[in-house]
Amino acid sequence: MKSKPYLRLSPSLRPFALAAALALGAIAPAAHADLKVGIDLSSTGPAAAIGITSKNAMLMWPPIIAGQKAEYIVLDDGSDPGAAVRNIRKLINEDQVDVIVGPNITPAALAALDPVAQSRTPMITLVGSASVVEPQQGTRVWAFKMAQTDAAMADVMTRYMAAHGVKTVGFIGFADSYGDSWLNEFTKNARERNIQIVATERFNRTDASVTGQILKLIAAKPDAVLIAGAGTPTVLPQRTLAERGYKGAIYQTHGIATPEFIKLGGKEVEGTLFPTQPVVVARTLPADQPAQKAALAFVDAYEAKYGPGTVTQFAGDAAGVYPRLQDAVARALKTAQPGTEAFRVALRSELEHAHEVIVPNGMVNTSETDHVGLDQRASVMGTIRGGKFVYLGQ
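If you want it as C-alpha cells, here you go:
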C-alpha cells in the first residue's frame, strides 16, 4: 500500500505533492512515529527564483524516509532573514520538527544558527556560502550544507581565468554575507594564480541602479569583471556593464543558474562565464564526468514534471536533501525514535558520517570537520549559449 505524505502546504498543492511523490514509486514499509521535516524557503521576495525551484524539487520527495512516514512542513520567509528565524523558531517550538531544511539565502542561514543550536536540531541549508558551516565549532556544528562551497567554486573559476589569460579583475558583489564570502574566497584563489583585483564595489539585492559602481569598475580597465550575487538581482550590474560599453569577459557565481536569470537578462547575459554544479549543465556534460549519470537522471525527472529548461542548481541541491536524510535517518533510528532530542542528536551525528552518498550534484562524504562533503566532482565551468546553460570544462 502506498502512503500519503503530509505537507502543510495550501490545499491546492497537496494533491500535486502526492502525485509527485507517487510518480517516484515510493512504497511505504512499516512506519512508526512520523518524521517531521521543517522547511524554510524564500518562495517570495528577491530570492524567489531560488526558493521556488527548491520547493518544486521537494514536492517530488517520496512520502517515506527510511521507513518513517514523513511530514513536510513548508514555510516561506519572503527572502527576509528575520522572518526566516521566526519560521524556524515556530517549526522547532510549535511543530517540534526533527530536522530543519533551508534557509536558501546566506544571511537567513547565519541568523538561524542560534535557534537550531539552542534546540539541538540539525539544519541542512541550501546556501552557497561556507560561512554557515565553517569553522566546525560552536553553533555551526548543527548546520550542514548541500551546495558546493564558494571556495570550491572560486577555485574552478580562477583556474579557468588563469588558463584564459585573465590577469586583472574588477569585483562587484552583494553588500551582505554572500558578497563577503565571495570576495574573501575569490581573493585567496586569485592571489594563488597571480590574478589582481583592481577594483572592488558592492551593491544591494534591491538596488535600482549600480551605475556609479560600474563606472568605477570600467575606469580600472580590468580584463574581466566578477559579479558576486545570486538570483535575478545579478542581471542589473551585467546589463549596466553592457550599456556602458564594457567589452571584457563577465563572470558570475553559481548563484545565477536559474531560467529567470536568462529570461530577464536576454541577449545581454549571453556568453556569461560561471562556475556551477553538474545538474545545471547535465545535458552537455561529457559521459565520463563523474556526476553525469545522477545529474541527468534528476534533470530528466524534474523537467518531465515542470517542463524543459526549468531545472536549476537549487532544485538539484534540494533534491539531494532526500538521499542525505534517507542515509542518515536509517542509522539514527537505531539509536532513538523521531520526536525526541535523542533522535535529533543522533541524526546530526549520522549526517556527519555520510559516505559516497549519491546526490544529483555529486557524491557526499562528510566528517566532523566537513559538513558539505562535496569534492571537485561537484564543480564545473559553464556559460550561457543560445539562451541555455552549457558545460565548458572542469
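Just so we're aligned: the sequence shown equals residues -33 to -1, 1 to 361 in mature numbering (1 follows the signal peptide of the UniProt record, and there is no 0).
Note that beta-carbon positions come from the ideal geometry of N, C-alpha and C, so glycine has one too.
Here the structure is a predicted model, which means the values were calculated and not measured.
In its own chain, which residues sit with a C-beta less than 6 Å from the C-beta of A14, not counting the 5 before and 5 after it? Mapped onto the sequence shown, residue 14 falls at position 47. For A14, same chain residues with a beta-carbon under 6 Å away, outside a window of 5 residues either side, are S46, I72 and G198 in chain order.
Between the alpha carbons of M25 and T333, how many angstroms are there, rounded? For the purposes of this step, residue 25 is identified with residue 58 of the sequence shown, where counting begins at 1. For the purposes of this step, residue 333 is identified with residue 366 of the sequence shown, where counting begins at 1. Their backbone Cα atoms lie some 22 Å apart in a straight line.
For a quick check, are the C-beta atoms of A195 and V136 less than 8 Å apart? The residue labelled residue 195 in the question sits at position 228 within the sequence shown. The residue labelled residue 136 in the question sits at position 169 within the sequence shown. Contact: no.
Relative to the C-alpha of E227, which candidate in W149, T279, L77 and A216 has its C-alpha closest? Working through the sequence shown from its first residue, we reach residue 227 at position 260. For the residues W149, T279, L77 and A216, the minimum Cα distance to E227 belongs to T279.
Range of the contiguous alpha helix (DSSP H) that encloses V312: As a first step, residue 312 must be located in the sequence shown, where it is residue number 345. In the DSSP assignment, V312 falls within the alpha helix (DSSP H) that extends over E308 to L318.
Take N156 and list the residues in its own chain whose beta-carbon comes closer than 7 Å to its own, dropping the five residues that flank it on each side. By 1-based counting over the sequence shown, the position of residue 156 is 189. In the same chain as N156, and ignoring 5 residues on each side of it, the C-beta atoms closer than 7 Å to its own belong to A121, D122 and T125, in chain order.
Three-state secondary structure (DSSP) of residue 373: Shown here, the chain extends from -33 to 361; a query on residue 373 therefore has no answer.
Would you check if the distance between the CB atom of A282 and the CB atom of L263 is smaller than 8 Å? Here residue 282 is taken as the residue at index 315 of the sequence shown, counted from 1. Here residue 263 is taken as the residue at index 296 of the sequence shown, counted from 1. Not closer than 8 Å, so no.
Proximal residues to Y358 (C-beta, below 7 Å), its chain only, five neighbours per side dropped: By 1-based counting over the sequence shown, the position of residue 358 is 391. If we look at Y358 and ignore the five residues flanking it on each side, its Cβ neighbours are V248, T251, L252, V347 and G349.
How far does the beta strand (DSSP E) with Y218 in it reach, from first residue to last? Working through the sequence shown from its first residue, we reach residue 218 at position 251. Per DSSP, Y218 is one residue of the beta strand (DSSP E) stretching across A216 to Q219.
Quick test of the definition: if touching needs 3 or more C-beta pairs under 8 Å, does the region 88 to 97 touch the region 321 to 336? Judged by pairs of C-beta atoms under 8 Å, the region 88 to 97 does not touch the region 321 to 336, as fewer than three such pairs exist.
Is the beta carbon of D81 sitting closer than 8 Å to the one on T116? Taking the sequence shown and counting its residues from 1, the one referred to as residue 81 is at position 114. Taking the sequence shown and counting its residues from 1, the one referred to as residue 116 is at position 149. Result no, Cβ atoms of D81 and T116 do not sit closer than 8 Å.
Express the C-alpha separation of Q104 and V202 in angstroms, rounding to a whole number. Working through the sequence shown from its first residue, we reach residue 202 at position 235. Working through the sequence shown from its first residue, we reach residue 104 at position 137. Between V202 and Q104, the C-alpha separation is close to 36 Å.
Name the two residues that bound the continuous alpha helix (DSSP H) containing R158. Indexing the sequence shown from 1 puts residue 158 at position 191. Following the DSSP letters along the chain, one finds R158 inside the alpha helix (DSSP H) bounded by residues S144 to E159.
For R160, I'd like the list of residues in its chain whose CB is within less than 6 Å of its CB, leaving aside the five on either flank, ordered along the chain. Mapped onto the sequence shown, residue 160 falls at position 193. Scanning its chain for C-beta atoms nearer than 6 Å, with the 5 sequence neighbours on each side dropped, one finds around R160 the residues T125 and A129, in chain order.
For Q35, which of helix, strand or coil comes out of DSSP? The residue labelled residue 35 in the question sits at position 68 within the sequence shown. Q35 falls in the strand class under three-state DSSP.
Buried or exposed for D255, going by 16 or more other Cβ atoms inside 10 Å? Position 288 of the sequence shown, counted from the first residue, corresponds to residue 255. By the neighbour-count criterion, in which a residue is buried when 16 or more other Cβ atoms sit within 10 angstroms of its Cβ, D255 is exposed.
Beta-ladder partner(s) of D43, from DSSP: In the sequence shown, counting from the first residue as 1, residue 43 sits at position 76. Under DSSP, D43 takes part in a beta bridge, and its partners are L8.
Return yes when the Cβ of A110 is within less than 8 Å of the Cβ of D284, no when it is not. Counted from its first residue, the sequence shown places residue 284 at position 317. Counted from its first residue, the sequence shown places residue 110 at position 143. For D284 and A110, no; Cβs fall outside 8 Å.
Distance check for A166 and A271, CA to CA, integer angstroms please. Within the sequence shown, the letter at position 304 stands for residue 271. Within the sequence shown, the letter at position 199 stands for residue 166. Taking the straight line from one Cα to the other gives about 44 Å.
Is it the case that the region 60 to 71 contacts the region 2 to 22, given that we only count it when at least three CB pairs across the two stretches are under 8 Å? Of all C-beta pairs linking the region 2 to 22 to the region 60 to 71, three or more are shorter than 8 Å, placing the two stretches in contact.
Would you give the residue range spanned by the alpha helix (DSSP H) that V180 belongs to? For the purposes of this step, residue 180 is taken as the residue at position 213 of the sequence shown. Looking at the sequence itself, residue 180 is Gln, so the reference to Val does not match. In the DSSP annotation of this structure, the continuous segment of the alpha helix (DSSP H) that includes Q180 starts and ends at T178 to A186.
For G18, the first and last residue of its enclosing alpha helix (DSSP H): In the sequence shown, counting from the first residue as 1, residue 18 sits at position 51. Annotation for G18: the continuous alpha helix (DSSP H) segment containing it runs A15 to M25.
Work out the CA separation of H338 and W28 for me, nearest whole Å. Within the sequence shown, residue 28 is the residue found at index 61, counting from 1. Within the sequence shown, residue 338 is the residue found at index 371, counting from 1. In a straight line, the C-alpha of W28 is about 22 Å away from that of H338.
Hey, I139 and E237: beta-carbon distance below 8 Å or not? One-based indexing of the sequence shown puts residue 139 at position 172. One-based indexing of the sequence shown puts residue 237 at position 270. It is not a contact, given that the beta carbons lie outside the stated cut-off.
Which term fits L182, buried or exposed, when burial requires 16 or more other beta carbons within 10 angstroms of its beta carbon? Working through the sequence shown from its first residue, we reach residue 182 at position 215. Under a 10 Å Cβ-count criterion, L182 is classified as exposed, with fewer than 16 other Cβ atoms of the shown protein chains found around its own Cβ.
Pull up the distance between the alpha-carbon of G(-9) and that of N23, whole angstroms please. Position 25 of the sequence shown holds residue -9. Position 56 of the sequence shown holds residue 23. With a pLDDT of 39 at G(-9), under the threshold of 50, the modelled position of this residue cannot be trusted; read the value that follows with caution. Separation of G(-9) and N23 (C-alpha to C-alpha, rounded to the nearest whole angstrom) is 18 Å.
Sub-8 Å separation of P89 and L318 beta-carbons: For the purposes of this step, residue 89 is taken as residue 122 along the sequence shown, with counting starting at 1. For the purposes of this step, residue 318 is taken as residue 351 along the sequence shown, with counting starting at 1. Annotated as proximal: P89 and L318, with beta-carbon spacing under 8 Å.
Could you tell me the distance, in whole angstroms, from the CA atom of V41 to the CA atom of R206? Residue mapping note: residue 41 aligns to position 74 of the sequence shown, counting from 1. Residue mapping note: residue 206 aligns to position 239 of the sequence shown, counting from 1. Rounded to whole angstroms, V41 to R206 spans 35 Å at the Cα level.
May I ask which residues mark the beginning and end of the beta strand (DSSP E) holding T167? Position 200 of the sequence shown, counted from the first residue, corresponds to residue 167. Where T167 is concerned, the enclosing beta strand (DSSP E) stretches over Q163 to F170.
With C-beta atoms as the reference, is A302 less than 8 Å away from A313? Within the sequence shown, the letter at position 335 stands for residue 302. Within the sequence shown, the letter at position 346 stands for residue 313. This sequence places Thr at residue 302; Ala is not what is there. Pairing T302 with A313 gives a Cβ-Cβ distance under 8 Å.
Near V288, which residues of its chain fall below 7 Å by C-beta distance, leaving aside the five closest residues on each side in sequence? Locating residue 288 in the sequence shown gives position 321, counting from the first residue. Its chain contains V68, I91 and M113 as the residues whose beta carbon lies nearer than 7 Å to that of V288, once the 5 sequence neighbours on both sides are disregarded; these appear in chain order.
Give every residue of the same chain whose Cβ lies closer than 6 Å to the Cβ of V177, excluding the five residues on either side of it in the sequence, and list them in chain order. Here residue 177 refers to the residue found at position 210 when the sequence shown is read from its first residue. Excluding residues within five positions, the ones whose Cβ falls inside 6 Å are F170, L203, P204 and T207.
List the residues that DSSP assigns as beta-bridge partners of F138. The residue given as residue 138 occupies position 171 in the sequence shown. For F138, the pairing in a beta bridge is given by DSSP as T167 and L193.
Under the rule that 16 or more other beta-carbon atoms within 10 Å means buried, what is K234, buried or exposed? As a working mapping, residue 234 is identified with position 267 in the sequence shown. Per the 10 Å Cβ criterion, exposed.
Contacts around A345, its chain only, beta-carbon distance under 6 Å, and the 5 residues preceding and following it disregarded: Locating residue 345 in the sequence shown gives position 378, where the first residue counts as 1. Within the same chain, Cβ atoms closer than 6 Å to the Cβ of A345 are found at Q115, Q244, N328 and G329, the five residues on either side in sequence being excluded.
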